[in-house]
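Using the numbering used here, the letters of the sequence shown map in sequence onto residues 34 to 256.
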Amino acid sequence: SAFVTTALFGTRSDLKALWSSLFQWKPLRWLLLAVFSPFLLALAGGLVAWLADGRWPDYSSFGVSGEYPEMGVAGFFLFNTCCFGFGEETGWRGFALPQFQRKYNALISTLILSVFWAGWHLPLFVYRPGYVSMGMGAAVGWYFSILAGAMLFTWLFNGSRGSILACALFHGLIDVVFMSEYGNPGMMQYIGILVTFWGIAVLLVYGRANMAPDKRMRHHEGP
């Protein structure tokens, strides 16, 4: 849909730049950050679990989905990256975020986008057990975790100079981290708390204007 919308309302150069950003691996440090930081997040979540519960989570099943165990680790990662990584990020960060950032600063753009992003996930509250059982307080906390996650994606997108590749890999790996089996039901909550603090730290360090070391992306520059 991002490509269709860009083709209808943008120029040929806009469409070409959007396509190029799917394969944009420079700056390399941001791509490496996108790939390795989710694993560090999983380890940090384990440390919090150990401090809070007195036991280290079981990482032997990391990357194996309880819903789709037949996929294996590689299949689960590829599924998440292709369907939810590239599938979502081409629209959210590839198309929508630069449009918002042309009119608003990075924080306001992220706030607006987070509302749409949360709405995209609302069907989960109909059929997925962990969501169906949420009370109002938990649902509010869930939204703030979505907002914090959106802050991280804005930081990554602007810092990587608009790399959808970096955002898609990060999205796929973050989903793997959240959906893995750890033998500790509190791990998802602990990781969510860490994501929230990470998003707040990004805002405090880089400020609301750009939320990244460089100026916010208002259009795709290509590789």
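Glycine included, every Cβ here is placed at the ideal spot set by N, Cα and C.
None of the values given here were measured: they were computed from a predicted structure.
Asked, Found
"Would you call the stretch 87 to 103 and the stretch 208 to 216 in contact, with 3 or more CB pairs under 8 Å?", "yes"
"With distances taken Cα to Cα, identify the nearest neighbour of Leu236 among Gly118, Leu76, Gly182.", "Gly182"
"Do the stretch 167 to 181 and the stretch 51 to 66 meet, that is, are 3 or more Cβ pairs less than 8 Å apart?", "no"
"What are the boundary residues of the alpha helix (DSSP H) that includes Trp89?", "First-last for Trp89: undefined, no H or E at that position."
"Taking Leu206 as the reference, give the member of Gly78, Phe117, Leu48, Leu61 with the closest Cα.", "Phe117"
"Which same chain residues end up closer than 6 Å to Arg249 when comparing Cβ atoms and leaving out the 5 residues on each side of it in sequence?", "Gln134, Ala139, Asn191, Asn243"
"Give every residue of the same chain whose Cβ lies closer than 7 Å to the Cβ of Phe211, excluding the five residues on either side of it in the sequence, and list them in chain order.", "Met221, Ile224"
"Taking the continuous alpha helix (DSSP H) assigned at His204, which residues delimit it?", "197 to 212"
"Whose C-alpha, out of Arg62, Thr229, Trp150, is nearest the C-alpha of Gly78?", "Thr229"
"Would you decide whether Ala199 is buried or exposed? Buried here means 16 or more other CB atoms lie within 10 Å of its CB.", "buried"
"Which class does Ser98 belong to by DSSP, given the choice of helix, strand or coil?", "strand"
"Alpha carbon to alpha carbon, how far is Met184 from Arg161?", "25 Å"
"By alpha-carbon positions, which one of Lys136, Gly87, Leu73, Glu121 ends up nearest to Trp231?", "Leu73"
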